[in-house]
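If you read the sequence shown in the UniProt record's numbering, its first letter stands for residue 1, the second for the next number, and so on.
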Amino acid sequence: MTHRIAIIGASGYTGAELIRLIATHPGFEVAALAANSKAGQAMASVFPHLRHLDLPDLVTWEDIAFDDIDLCFCALPHKTSQQVIARLPQHLRIVDLSADFRLEDPAAYARWYGNDHAAPDLQDEAVYGLTEFYRAEIAAARLVAGTGCNAATGQFALRPLIAGGVIGLDDIVLDLKCGVSGAGRALKENLLHAELSEGTHAYALGGTHRHLGEFDQEFSKLAGRDVRVQFTPHLMPMNRGILATVYVSGDPEAVHHTLSEAYAEEPFLTVLPMGESPSTHHVRGSNFCHIGVSGDRVGNRAIVTAALDNLTKGSSGQAVQNANLMLGEDETAGLMLAPCYP
């Protein structure tokens, strides 16, 4: 059976990444593409790297006939996504790539994103889309909320350790380096080549990054108490990739064993041999996440590193992985592409 797929927000980076992945998917067909700002244009003019594909032209999302669409990916900015999804047909299964349905508490959404939740009734049915930890819920869901790319990386490094009780919960430090595509395709002065290249900088210091809302929600739920990590992201002059370095208190061997056991059967999560560290180069363009563990010269301290591609495993690849579960496909379908190296 071939499932007919629509993508709203197809002119952004995550929209293009969805199309790239679906192009090799045995059970998905791109039936409709929407980008209101570029409606009427061919995808080849918006993303020339996709010109070899037979794709429908871009339309406004209101012009899509959803009656024969099985699943819709919504790759719009936050706030806009809530407004659009609230108007989509009830029969439609939806994977949202924005931040609009990630936080269970509408008050938490308002606090972190600066505006009231526009669709609180839909929030009640939304399932958090970290695939490896919410499989059953995702498979049964109508609306799945994809995670933040930074939030996914940090959770892959930390969730089994928090759940297993092998690290301290009051001194977790998460240092994260991320590629510029994580900021989206919109023109921003600080993302110009002359502004960004040949340097790097920290941003959202002092606990102001919005993905902290996801860390607070998920880690506290796991621990059964409040967990507040110290998190600082850094913008790197690279197109794709996230590298998280996490400093925790705990026995390094126990940390490595816990992660290895937790991910032993996971197709996309690989724990490296003790002492090895991952690189963003080794996961680029793929749905894989590599995790490393090292000891420290300070006793009872461990360093956990995690690398993934923010556009794939951190966003569009995760979205396809969730859609596979929702539509009864093999979870890995369309996602076993090898990383692009160098």
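Using N, Cα and C, we set each Cβ at its ideal position, and we do this for glycine too.
Shortest alpha-carbon distance to residue i belongs to which of the options?
i	options	result
P77	N300, K177 and G12	G12
P267	A42, A119 and T131	T131
T232	L212, Q321 and H193	L212
I303	A244, M326, V283 and L311	A244
I8	D63, G114 and S277	D63
A264	Y247, R240, H290 and G285	H290
L222	W112, S286, P106 and I167	I167
G275	H201, Y134, D70 and E253	E253
D309	A183, Y134 and G241	G241
Y203	V227, A183, H193 and V95	A183
R111	L327, E214, V320 and T270	E214
L92	R4, D105 and L103	R4
D294	N190, A157 and L327	The residue you asked about is not Asp; residue 294 is Ser in the sequence shown. With distances taken between Cα atoms, S294 lies closest to A157.
P150	H117, F133, Q123 and S181	Contrary to the premise, residue 150 reads as Asn rather than Pro in this sequence. That would be S181, whose Cα lies nearest to the Cα of N150.
F133	L269, N190, L191 and H282	L269
Using the C-alpha atoms, what's the distance from residue j back to residue i?
i	j	result
P273	D296	16 Å
H209	K177	13 Å
E125	V298	45 Å
R159	Q217	12 Å
E331	P26	12 Å
L235	P89	38 Å
S315	I69	21 Å
N322	G165	28 Å
G250	V229	15 Å
D121	G179	34 Å
I162	L33	40 Å
F101	R301	35 Å
A136	G146	15 Å
G148	L325	19 Å
I85	C72	10 Å
A139	L327	8 Å
R225	T80	33 Å
Residue i bridges to which residues according to DSSP?
i	result
residue 343	Shown here, the chain extends from 1 to 342; a query on residue 343 therefore has no answer.
P278	Answer is none; P278 lacks a bridge partner.
L235	C178 and H201
L33	I7 and L58
S249	R301
A126	L143
D96	C74 and A145
Q230	V173
F28	H3
Which residues mark the beginning and the end of the alpha helix (DSSP H) in which residue i is found?
i	result
D105	Neither: D105 is in no alpha helix (DSSP H) and is coded neither H nor E.
T258	P252 to A262
P120	P120 to Q123
L143	Unbroken run through L143 is the beta strand (DSSP E), L143 to A145; no alpha helix (DSSP H).
C340	Careful: C340 lies outside any alpha helix (DSSP H) and carries neither H nor E.
F133	F133 -> no alpha helix (DSSP H), and no H or E assigned at all.
S81	T80 to I85
A44	M43 to V46
Rounded to the nearest angstrom, how far is the Cβ of residue i from that of residue j, given a contact under 8 Å?
i	j	result
T14	L97	5 Å
L58	A75	Contact flag wrong, Cβ pair sits at about 13 Å.
L50	A16	7 Å
V30	P56	7 Å
T305	S277	5 Å
P237	T280	With 8 Å as the limit, P237 and T280 do not qualify as a contact, their Cβ atoms being about 12 Å apart.
L337	G285	7 Å
G119	Q82	The amino acid occupying residue 119 in the given sequence is Ala; Gly does not appear at that position. Their Cβ separation, rounded to whole angstroms, is 5 Å, which keeps A119 and Q82 in contact under 8 Å.
Taking residue i as part of the beta strand (DSSP E), name the residues at either end of that continuous run.
i	result
D175	V173 to C178
T270	L269 to V271
Using a beta-carbon distance below 7 Å, is residue i in contact with chain D?
i	result
D57	Here chain D cannot be found, since the structure has a single protein chain.
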